[in-house]
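Residue numbers (mature numbering (1 follows the signal peptide of the UniProt record, and there is no 0)): -20 to -1, 1 to 128.
Just so it is clear, CB atoms sit at the ideal spot from N, CA and C, and this is done for glycine as well.
Please read all numbers here as calculations on a predicted model, not as lab measurements.
For reference, the structure is listed below as C-alpha cells.
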C-alpha cells in the first residue's frame, strides 16, 4: 500500500515538474519571438543572423528562401518589418522543437511602400547545444474581416 501511494505521489510530482518546465520553455519561446520582432523592426541583421539556423527557411507572400537572403533583405531594407501587433500567441513543444503561432497585424515597408497585413505567422525553433535557433518563419495572410 505504501509503495502504491509513494508511486502515485512520485508520478504526480514528476508530471507537475514536467508541466512547469514545459510552461517555462513556452514562455522562453514567446519572449524570444517578441525579441525577434523588435530586432526585425530595428533592422538588427547581425542579431537575426545569429538567431537563424544556417539551414533555416523563410516563406513570404512573394516567395521562399534561406537564411542568407532573408538577412540581406533585412539589412538592405528591402523589407522593413516596422511593427508587429501581436493579437494571439500559442506554443507547442515537441522534444527539442518549439512551434509558435502568432496572429499579427504587420506594418512593413516593402520596396519603399508601407503595407499593413493580417498574418498567421508560424515560427519553428530547434534547441541545438542548449540554444534556441530559428528553423523556419512562414507568413500566411489572413482573409478575415478587418484582419483580426
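Cβ-Cβ distances below 7 Å link residue 62 to 21, 87, 88 and 89 in the same chain, with the five nearest sequence neighbours on each side left out; the list follows chain order. Residues of the same chain with a CB within less than 7 Å of the CB of residue 83, apart from the 5 flanking positions on each side, are 67, 68 and 100 in chain order. Rounded to whole angstroms, the separation of the alpha carbons of residue 5 and residue 106 is 12 Å. Counting the other Cβ atoms within 10 Å of the Cβ of residue 54 gives 16 or more, which makes it buried.
If you draw a straight line from the Cα of residue 76 to the Cα of residue 36, it comes to about 16 Å. Within the DSSP secondary-structure output, residue 83 pairs in a beta bridge with 68 and 100.
Our two residues, residue 80 and residue 95, have alpha carbons roughly 24 Å apart in a direct line.
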